[in-house]
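Position one of the sequence shown corresponds to residue 87 (the working numbering), numbered consecutively onward.
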Amino acid sequence: MSQAATTRYERLQQLRDILTDVLDLEPGELTETSNFVNDHGADSLLAIDIIASIERDMGVHIPSEALPEMINLNAVLGLVTRYAKEADLDA
């Protein structure tokens, strides 16, 4: 497995852990494309909790302007990847 694939897999697993915890789901309930609002009853307060947990556990800052993009696990993974790269470029 390539380094990029390993990193993606590790991020995905970390995010899955964060999201199942914040959304109070069983691991099997969360898919990469299940909609946080429609499928899991998430609201804006939970989205803020997700952002805070990502920053605390993964060290990646996602600005609140990105909240509307956080619709499912795949979207959050894309945001984490994007903002982690931006942080690396700024360092």
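C-beta: ideal position from N, C-alpha, C; glycine also.
Asked, Found
"Within 8 Å, strictly: CB atoms of Thr119 and Asn158", "yes"
"Residue nearest to Pro154 in terms of C-alpha spacing, selected from Pro113, Leu132 and Gln100", "Leu132"
"Beta-carbon proximity check, Asp135 vs Val108, cutoff 8 Å", "yes"
"Residue burial classification, Ala138 (beta-carbon count within 10 angstroms, cutoff 16)", "exposed"
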